[in-house]
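A.B. asks: Sequential numbering from 1 applies to the sequence shown in full-length UniProt numbering.
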Amino acid sequence: MASVNRRNFIKNSGLATLPMLVANPVLAMGTTNNQSAAGTQVIKFMGDGEMFEPVDYLNILQQATIVRDSYGAGGSVEALEKKFVEITGKEKAVFMPSGTMANQLAIAVLSGENSKVFVQDTSHIYRDEADAAQSVYQKRLMPLAKDEPFFTAQQLQAAVEALPSEEVFKTGVGAVSIENPVRRSNGRMVPIEELRKISAYCRANNIKLHLDGARIYMAAAWSGISVKEYASLFDTIYISLYKYLGAAGGAMLCGDKTIIDKMPHLIKVHGGSMYGNWSNAAMALHRLEGFEGRMKNTVQKANELFEALNKIPGITIKPLPGGTNIYSFALSPKIEITKLRDALNTNYNIRIGRVNEKNEGFISVNETLLYQDNNYIINAFKKSMA
Ligand SMILES: Cc1ncc(COP(=O)(O)O)c(C=O)c1O
């Protein structure tokens, strides 16, 4: 399994495919204006990070060290797993084809014979994983804190202690899963003090704890608490490889060796074992280099930028309470959002999202903010508003 350098990659992968991609109108769709690899970099006030178009993806991948794996063993996959062991401080990490599978297998294995798993009502596991826990893994998800970003340790304890009087047949509590930050709550975080209390309660009561940390790097950047510290409170943690690390898909699940060693077999059982995973692993590994530092700079730059943008009449940008990279964004009713969006996009390569009928919405901050200095962005808004 030879390491592939840039020139060999072009030759071996036949970057002859590149002109084909460009010539193919379907594949090339959306590639315009996203030349982040080629130089004219787009600032996106939406999403959590770079999500490369196919041509850009191939360009960036050529800068990575690529070693092929075989069914997830060896090569760039193994290198990425080692990296995540370092990052999280856990004993072992395993590459997963999706975050959904990482979440589901983690809570299934952690809870063993016990069938109840407590989750946030707003969590991806509860609302967005097609009832897999119930239908595939025979786990009963018990939602807490309706429509709220998080439940407290007290609420969890009350729910666990109420079970004997509320249910006749005793089935044990297997695991608790926490999503942080919470996608359905616009990236709000679970406060670290609450996580510490929940972790202490679970450990004292032999209840296993899983972290859906798909976007844990956003929480780390905005809270100043390291990924390792978050991970230390949990038995398992999953981190997405595509939401901000540039891969086209994939996830990492980290935890004790006894848990993680069970995963390759279970991934196969559930049809998730893929022959080659190196393109996603190599991309994530490449983009992880310096990522924490880039996020730190992004937060600082966002604070300075929003202070300046708020001085432009008609714009109000505010952080959300307990929030991360998603900010509320309001424009005075006089401003035509479509004109502003078009001007920013066409003249300055800046993308902003939609607003509602009251001219209110959200803007997200990610590392694409680093592509231009703040004066460029401030000037772009001023000119486009005029
Ligand atoms: C919080 C959270 N968890 C898990 C997932 C699932 O990730 P995947 O798309 O890799 O299955 C997502 C995806 O949107 C998510 O937002």
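The beta-carbon is built from N, C-alpha and C at its ideal position, and this holds for glycine as well.
(1) How about the stretch 82-92 and the stretch 252-271: do they share at least three Cβ pairs that are nearer than 8 Å?
(2) Run through the stretch 140-183 for me and flag every whole alpha helix (DSSP H) of 4 or more residues, listed as ranges in chain order.
(3) Please confirm whether any heavy atom of ligand 1 lies closer than 6 Å to the CB of serine 98.
(4) Since tyrosine 238 sits in a beta bridge, which residues does DSSP pair it with?
(5) Judging by CA-CA distance, which residue of Phe329, Lys358 and Ala386 is the nearest neighbour of leucine 344?
(6) With DSSP collapsed to three states, give me the class of threonine 122.
(7) Any contact of the stretch 132-140 with the stretch 158-169, i.e. 3+ C-beta pairs under 8 Å?
(8) Buried or exposed, going by whether 16 or more other CB atoms sit within 10 Å of the CB of asparagine 12?
(9) Rounded to the nearest angstrom, how far is the Cβ of glycine 323 from that of arginine 188, given a contact under 8 Å?
(10) Quick check on the DSSP output: the alpha helix (DSSP H) that includes glycine 99 runs from which residue to which?
(11) For proline 319, which residues of its own chain have a beta-carbon under 6 Å away from its beta-carbon, when the five flanking residues on both sides are left out?
(12) Verify whether the separation of the beta carbon atoms of leucine 331 and asparagine 359 is less than 7 Å.
(13) DSSP three-state label for residue 389, please.
(14) Any heavy atom of ligand 1 closer than 6 Å to the CB of histidine 210?
(15) Flag this pair as yes or no: are the beta carbons of serine 364 and glycine 47 separated by less than 7 Å?
(16) Since I believe alanine 175 is in contact with valine 299 (beta carbons under 8 Å), could you give me their beta-carbon distance rounded to a whole number of angstroms?
C.D. replies: In terms of the structure at hand:
(1) Three or more beta-carbon pairs drawn from the stretch 82-92 and the stretch 252-271 are found closer than 8 Å, and the two stretches are therefore classed as touching.
(2) Runs found: 153-166.
(3) In the sequence shown, counting from the first residue as 1, residue 98 sits at position 98. Ligand 1 has a heavy atom closer than 6 Å to the beta-carbon of serine 98.
(4) Stepping through the sequence shown from its first residue, residue 238 is reached at position 238. For tyrosine 238, which the question treats as bridged, DSSP gives the partners Asp212 and Leu253.
(5) Position 344 of the sequence shown, counted from the start, is the residue given in the question as residue 344. Answer by Cα proximity: Ala386.
(6) Within the sequence shown, the letter at position 122 stands for residue 122. DSSP places threonine 122 in coil when its eight states are reduced to three.
(7) No contact exists between the stretch 132-140 and the stretch 158-169.
(8) Along the sequence shown, one-based indexing puts residue 12 at 12. Caution is warranted here: a pLDDT of 42 is assigned to asparagine 12, below 50, making its placement in the model unreliable, and no coordinate value can be reported.
(9) Counting from one through the sequence shown, the residue named residue 323 turns up at place 323. Counting from one through the sequence shown, the residue named residue 188 turns up at place 188. Correct: roughly 5 Å between the Cβ atoms.
(10) In the sequence shown, counting from the first residue as 1, residue 99 sits at position 99. Its alpha helix (DSSP H) spans residues 99-111.
(11) To locate residue 319, count along the sequence shown from 1; it is residue 319. Around proline 319: Tyr327.
(12) Within the sequence shown, numbered from 1, the residue matching residue 331 stands at position 331. Within the sequence shown, numbered from 1, the residue matching residue 359 stands at position 359. Yes, these two residues count as a Cβ contact at 7 Å.
(13) Any question about residue 389 goes unanswered here, given that the chain covers just 1 to 386.
(14) Numbered from its first residue, the sequence shown carries residue 210 at position 210. Checking every heavy atom of ligand 1 against the Cβ of histidine 210, none is found closer than 6 Å.
(15) Against the sequence shown, residue 364 aligns to sequence position 364. Against the sequence shown, residue 47 aligns to sequence position 47. In this structure, serine 364 sits near glycine 47, with a CB-CB distance shorter than 7 Å.
(16) Counting from 1 along the sequence shown, the entry for residue 299 is found at position 299. Counting from 1 along the sequence shown, the entry for residue 175 is found at position 175. Not really, about 32 Å apart at Cβ, beyond 8 Å.
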